[in-house]
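One structure below.
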Amino acid sequence: MLPLSLTLLVTATTARAYVWPSPQLDALESARWDQSGYRSHATAAQVTPCNLYLFGTSADKTGRTNAADWIRTAYHDMATHNVADGTGGLDASIRFPEEQARAENSGNGFSNTVSVFTSDRYISLADNLALAMIIAVENCGGPEIAPSTPTPPGFTPTEMIGLVACGHTFGGVQHAVFPDVVPELNDPNNTESSAPFDTTVAHFDNHVATEYISGTTQNPLVVGLNETKNSDKRIFASDSNATMLSFANSPDTFASTCADLFARMVDTVPSAVQLTDVITPLPVKPSSLQLTLNGDTLTFNGEVRFWNMAEDATRMVRLLWDDHVGGANNVTLSFAGVSSAAAGRYSAAWYSFGSPSPLTFTAAAGIKSMRFAVNSELEDQGGAGFALQDGVVFSTSSCLISHSPWAARIDVAVRNGLNPARVFLEAEARDSVNRTIVVETDLSPAGATGTVYSIWSVKVDNASPVSSWTICAEVDGVKIAADGSTTSLLSMALCAASTVRVTNTAVCVRKMARYVTVLFDP
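When the letters of the sequence shown are read in order and numbered with mature numbering (1 follows the signal peptide of the UniProt record, and there is no 0), they come out as residues -17 to -1, 1 to 505.
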């Protein structure tokens, strides 16, 4: 560890919607902003390049794109919103076969899109549909979609013209779905005979407007075979083409209008849905933390992301932490990689600690909180620090009982003096309509009491070898959770015969109170 002398104390000035840690907001923030590069989510990769299409036998020559399907799915899911009674909206109800069977939801774009995404306890399918639309637009030439400004519910006729035009800057109409609108094109590079809305089918621009105003459009919903199906023509002309003319005359007007309308679109949700606060990227965000008891030693590893920071070989980043015995500790971090968001508008630098070998400290010393020093600047969440808890941690004394079927003994170390009312594992499961539920499994004291920690244990049966649990405890009516989860039985050693405890404890199922959480505050 290096001697530490900080000559300048700096707090982050970037807008911050929440203080780390917050498991749900941490997950949503990462899904929104960790789009490409190091530690990125897979969503942006599925619209890179923007003409990518994942389905069909000749997926690269169908004439279709994932981006167009994602935008259409979000719009059609939202379009059921009823302002009067507060029902409908972007709630992922488009996943149900009954919704997809409606005449206005023809085609397989919705089922394809829904099949790409899943949900968990923190990110709903509705969140993912909203994110998919945002990421497709931002990474395929479109504007950044910022949180919307509170407005009355619903859209005016002029705004509906904008929504249709914005959505139809991508994609087209397939012959198989609307044979009375689009003829068979007999094009080997367009095997699904998808007639595009404009000449830049996989790129955001105002061509849908310029081509319409100039009279050169081949938009099948303007010049299609069936005049009664030319819905874009009727919508665009409903104000004597004034809105479309403004879009054609100004790419900037088109982009800013679309950014606002798309943001409002994903905020259009059932009245019973409680939206989260606006989620902006945290300036400094710890990630992938793992704190484990190994005998009388705690091991610690993880990463930290610095937002709006590029790679710099001369930069020194250090982790500082406080312990239970009054020690002041620090270690230099290693550069890990760079991520980006919104087609490179933003970048973030990642640093790791405890890799390839974890940091170690005595169980008695432990760890209470941490901060980071970037060169001579201190990053500590405005003085709050980054709180950690070492009261309940995974113990490497956990062991594998059997691999046919998979069964294991999970040991959790509880710091003496914590006095929890209960210690339990949380695991995710699905209910009858595929919503996320949380299964809780209680542990029991195992009688193994050390000078610093005592062991609580439970046997888990019929588990997957890559099962994941969150370790939790209830202390004075408050739930605390361990940093890091037990994620794999494959790494566990076999239990010694004399140490196998086979007592099973009660398992209860708790449904998540939140059904959908959409990203932006209306």
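For every residue, glycine included, the Cβ atom is placed at its ideal position computed from N, Cα and C. Note that this is a predicted model, so its numbers are computed, not measured.
From the listed residues Q273, T263, A14 and A404, the smallest Cα separation to N111 is found for A14. Selection F79, C149 and F161 evaluated against L108 yields F79 as nearest (Cα-Cα). Short of 6 angstroms from the beta carbon of A242, and not among the five residues preceding or following it, lie these beta carbons of its own chain, in chain order: P126 and I128. Note that the C-beta distance between V267 and G20 is not below 7 angstroms. By the Cβ criterion, the segment 244 to 255 is in contact with the segment 141 to 154, since at least three pairs of Cβ atoms, one from each stretch, lie closer than 8 angstroms.
Between A331 and W290 the beta-carbon gap is near 5 angstroms, inside 8 angstroms, which marks them as a contact. Residue burial annotation: K462 is exposed, with fewer than 16 other C-beta atoms found within 10 angstroms of its C-beta. Per DSSP, the continuous beta strand (DSSP E) segment holding P179 begins and ends at S177 to P179.
In the three-state reduction of the DSSP assignment, D243 falls in the helix class, which pools H, G and I.
Taking one beta carbon from each stretch, the segment 43 to 60 and the segment 25 to 34 have 3 or more pairs nearer than 8 angstroms; the two touch.
Nearest C-alpha to L361 among T139, T345, V300 and A410: V300.
DSSP places E87 outside any alpha helix (DSSP H), giving it a letter other than H or E. Judged by DSSP in its simplified three-state form, C455 adopts strand. With respect to the C-alpha of D394, the residue from F407, L401, P388 and P403 having the closest C-alpha is F407.
Linking L401 to I454 through their CA atoms gives a straight-line distance of about 15 angstroms. A straight-line Cα-Cα distance of about 11 angstroms links D163 and V156. I262 and S98 have their C-alpha atoms some 26 angstroms from each other.
Between C123 and H186, the C-beta spacing is below 7 angstroms. Excluding its 5 nearest sequence neighbours in each direction, V160 has C-beta neighbours in its own chain below 6 angstroms: S89 and G90, listed in chain order. Runs of the alpha helix (DSSP H) spanning 4 or more residues and lying entirely within the segment 206 to 256 occur at 214 to 219, 225 to 232 and 234 to 249, in chain order.
In the DSSP assignment, Y436 falls outside any alpha helix (DSSP H) and within the unbroken beta strand (DSSP E) covering Y436 to D444. Non-local C-beta neighbours of F93 in its own chain, meaning closer than 6 angstroms and more than five positions away in sequence, comprise T56, I77 and Q83, ordered along the chain. Between W53 and A119, the gap from beta carbon to beta carbon is short of 7 angstroms. Relative to the Cα of L473, the nearest Cα in the group I384, V449, S381 and A465 belongs to V449.
Short of 8 angstroms from the beta carbon of A293, and not among the five residues preceding or following it, lie these beta carbons of its own chain, in chain order: V321, S330 and A332. When C-alpha distances from V397 are compared across T251, L281, T297 and G39, the shortest belongs to L281. In the structure shown, W3 adopts coil according to DSSP, grouped into three states. Per the C-alpha coordinates, the member of F283, S335 and S352 positioned closest to G309 is S352. The three-state secondary structure of M292, taken from DSSP, is coil.
The beta carbon of A347 lies closer than 6 angstroms to those of V435 in the same chain, with the five residues before and after it left out.
In the DSSP assignment, H158 is bridged to no other residue.
Shown here for D103: same chain residues with a beta carbon closer than 7 angstroms to its own, the five before and five after excluded, namely E411 and T419 in chain order. Within the same chain, Cβ atoms closer than 7 angstroms to the Cβ of G285 are found at P269, S270, S271, L272, Q273, F336 and G337, the five residues on either side in sequence being excluded. With a cutoff of 7 angstroms on beta-carbon distance, L302 and V376 are scored as not near each other.
Taking T240 as the centre and dropping the five residues before and after it, the same chain places the C-beta of G145, C149 and F230 closer than 8 angstroms to its C-beta, in chain order. Beta-bridge partners assigned by DSSP to A356: R301 and L361.
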